[in-house]
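Worksheet: the structure to be examined is printed underneath.
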Amino acid sequence: MIANGTPPVDANGKVTLHLVRATTDAEEWKHFIYPDMTLEKPMTYDRALLSVFNKEVHTLNNDISDLVISDFITLYSYDDLNESSEVSEYFRNNLTKEFFNQIDYPNVPPHEWRLKVGMECFTVRNLSPHDGLLNKTQVLVLSIN
């Protein structure tokens, strides 16, 4: 709430948020989020990209990654049923690698993951609490081996 507790409303009855920058122009938002890819300290710590659908986020991330000056390295997941697990023949025949590779759920990385050295990423799991790699930790890719 602003001042007396009443938000400013325009002629259409919409509340204007002056501290939030919004755009539908792809070039404008890319250069707002990543104004200069040569900066030593990333400027994205105080910025956020909001989208309703994960598919849009993947598209926007691909557009942004084009601004990072380095070559893409493509990594693939390895999805298979554990041979030692007691799984019925039906599941063994129907839960194929192709099935696993097409899974697209929130917080599950895609089967094909394109990274560049210099990209910023967020962890989606508590990978190594001892090393500080907790869920939603922002990391900078320094090398890919």
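Mapping to the working numbering: the sequence shown position 118 is 274, numbers consecutive. All C-beta atoms, glycine included, are put in the ideal place defined by N, C-alpha and C.
In the structure shown, residue 261 adopts coil according to DSSP, grouped into three states. Residue 170 and residue 163 have their C-alpha atoms roughly 10 Å apart.
Residue 225 sits in coil when the DSSP states are folded into three classes, being neither helix nor strand. For the pair of segments examined, the stretch 248-258 was found not to touch the stretch 218-230: the number of CB pairs separated by less than 8 Å stays below three. Taking C-alpha positions only, residue 296 is separated from residue 208 by approximately 25 Å.
Residue 281 has its alpha-carbon roughly 8 Å from the corresponding atom of residue 289. If you look at residue 242, you'll find it isn't in any alpha helix (DSSP H); DSSP assigns it neither H nor E. By the criterion of a C-beta distance shorter than 7 Å, residue 268 is surrounded in its chain by 230, 232, once the five residues flanking it on both sides are discounted.
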